[in-house]
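When we follow this note's numbering, the leftmost residue of the sequence shown carries the number 508, and every step to the right adds one.
The beta-carbon is built from N, C-alpha and C at its ideal position, and this holds for glycine as well.
Here's the structure, in structure tokens; my notes come after.
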Amino acid sequence: MTTLAGKSVLLIIGGGIAAYKTHELVRLMKTRGAAVRIILSKAAEQFVTPLSLASLSGEKVYTSLFSLTDEVEMGHIQLSRAADLLVVAPATADLMAKMAHGLADDLASTALLATDKRVLVAPAMNVRMWRHPATIRNVETLKLDGVAVVGPNDGEMACGEFGPGRMAEPNEILAAIIDMLKPRAQPLAGKKVVITAGPTREPIDPVRFISNHSSGKQGYAIARAAADLGAEAILVSGPVSLPLPPGVQVMPVETAQEMLEMCEGEMPADIAIFTAAVADWRVAAESHEKLKKTGSGPPSLTLIENPDILATISRSAKRPRIVVGFAAETERVTEHAAQKLKNKGCDLIVANDVSRDSGVFGGDRNTVHLVSAAGVEDWPPLSKDDVAQKLMERLAQMLVPQQKAAE
Ligand code: C5P
């Protein structure tokens, strides 16, 4: 039986009929040796009582944000930071909406906003609420923020309807908790990983620029995965609209030239991964005034080539031990990638098909092929998060044997 001894869980109970199942969840966690502190939302108090939960957990149950005694004994910030993991069960549509938007108007939502720990939610609601575009959006936002989700399961609900919306069973929630709390290997502890992501913006005049559709999602996911493996993760990012990944240092840039300078400034590093969709060209002479329609036809722009950041870093004296490039191709994907591997002097190219119907640009999934001197390895379609995790694990393996040989 996997133990949770020495681990502390803050369980936040939302107001839904599934709240009754948290009694069993608390019992299971306690059996495994976890310390369990509990916050009841106001609505949850209608379904379960602080007294029963205090008896099961052996700890005081917190219910109100403005209890002076509670604040003196254990402030709400400390309450959420003292835990190793926050679990929200049942996570109601309302509580998840608050989390997704950073609202903090009661103890439950304040603890969730104040934490720097991992969060697991076990949603439970009516099937129509679960399928509502607002809930779908909120759950997506939470996932992007790094919140883990268990369930909901399909089945008959208390309201008599059938479909997804039933809270995961206590043993399923416990399994997710055990998985999240198990000690993770940190093979990249003490290593520095620099990642480029997003598009670049090349100005034409003060109001116009040349750019592309890169969302930055893959690069952001890689930075997060590198940080999860213990690396000092530096994310040199073009303009994107993504939340800042936890544990990652983001260095915002706009142009290719700025991205190159920032990367050079971050050297030396152990690994560099170039996912950015750098504009190939920039306007030779950026106009300092807004270009006007003159009546004599459109202006002609002279473009000049941007520096190739990957190739420059790869050939520099401070070359990281492992250099990884990405190749977005629309045809003959691996063939072009193999050529790129040679031309750019990198150790690995992660090639993907970005043809119009692949859904890669801006989407959440990616089908990649790893091209190295050893050959081509095809990966199945995966989420961008899974590609990131698998790739970082692979790079950590590549780095560590080199390190051992050098010792
Ligand atoms: O040549 P292409 O743009 O297809 O190469 C893609 C790879 O090179 C990506 O890893 C990209 O981040 C990197 N790159 C770069 N600087 C450029 C162009 C591409 O770092 N100017």
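At least one heavy atom of the ligand C5P lies closer than 7 Å to the C-beta of Thr703. Taking the Cα of Ile778 as reference, the smallest distance to any Cα among Pro753, Ile829, His795 and Gln764 is reached at Ile829.
Excluding the 5 residues flanking it on each side, Ala541 has same chain C-beta neighbours closer than 6 Å at Leu511, Lys514 and Val516, in chain order. Between Lys699 and Ile741, the CB-CB gap stays under 8 Å. Taken atom to atom, the span from the alpha-carbon of Leu877 to that of Ile729 is near 15 Å. With contacts defined as CB atoms closer than 8 Å, Thr819 and Met766 fail to qualify as a contacting pair.
Residues of the same chain with a CB within less than 8 Å of the CB of His795, apart from the 5 flanking positions on each side, are Asp712 and Pro713 in chain order. Tyr569 is bridged by DSSP to Ile546. Taking the Cα positions, Leu817 is about 23 Å away from Leu736.
The beta carbon of Glu739 lies closer than 6 Å to those of Lys699 in the same chain, with the five residues before and after it left out. Bounds of the alpha helix (DSSP H) holding Gln585 are His583 to Arg588. By alpha-carbon distance to Val568, the top candidate from Asp591, Ile680, Leu614 and Leu610 is Leu614.
In the three-state reduction of the DSSP assignment, Asp787 falls in the coil class, being assigned neither a helical nor a strand state. Gly662 counts as exposed, since fewer than 16 other C-beta atoms from the protein chains shown sit within 10 angstroms of its C-beta. For the region 825-913, the full-length alpha helix (DSSP H) segments reaching 4 residues or more read 840-851 and 891-913 along the chain.
Scanning Arg789, Pro750, Pro775 and Leu751 for the CA closest to the CA of Asn719 turns up Arg789. The beta-bridge partner set that DSSP reports for Glu709 consists of Ile717. Those residues placing their Cβ nearer than 5 Å to any heavy atom of the ligand C5P are, following chain order, Phe781, Ala783, Val785, Asn813, Asp815, Ile816, Leu817, Gly832 and Phe833.
Under DSSP, the beta-bridge partners assigned to Pro630 are Ala598. Looking at Val743, Ala683, Pro706 and Val701, the one whose alpha-carbon comes closest to that of Leu532 is Ala683. Here Val831 is not near Glu773, since their CB atoms are 8 Å or more apart. Using a Cβ-Cβ distance cut-off of 8 Å, the region 638-658 and the region 558-568 are not in contact, since fewer than three pairs of beta carbons, one from each stretch, lie closer than that value. Closest in C-alpha terms to Ala903, from the list Ile780, Pro759 and Pro597, comes Ile780. In the structure shown, the three-state DSSP call for Leu749 is coil. Closest in alpha carbon position to Pro752, among Pro775, Lys724 and Glu761, is Lys724.
The three-state reading of DSSP puts Ser616 in helix, counting H, G and I together. In the DSSP annotation of this structure, Met758 is not part of any alpha helix (DSSP H); the continuous beta strand (DSSP E) holding it starts and ends at Val755 to Pro759. In this structure, Thr707 keeps its C-beta atom at 8 Å or more from the C-beta atom of Glu768.
In this structure, DSSP gives Val657 a state outside helix and strand, which the three-state scheme calls coil.
Taking C-beta atoms under 8 Å as the contact rule, Ala629 and Ala604 fail to qualify, at a distance of about 16 Å. Arg673 is bridged by DSSP to Asn660. Taken atom to atom, the span from the alpha-carbon of Gly609 to that of Ser807 is near 47 Å.
Minimum Cα-Cα distance from Pro750 among the listed residues Gly522, Val654 and Asp854 corresponds to Val654. If you compare the alpha carbons of Leu518, Val857 and His843 with that of Glu884, the shortest gap goes to Val857.
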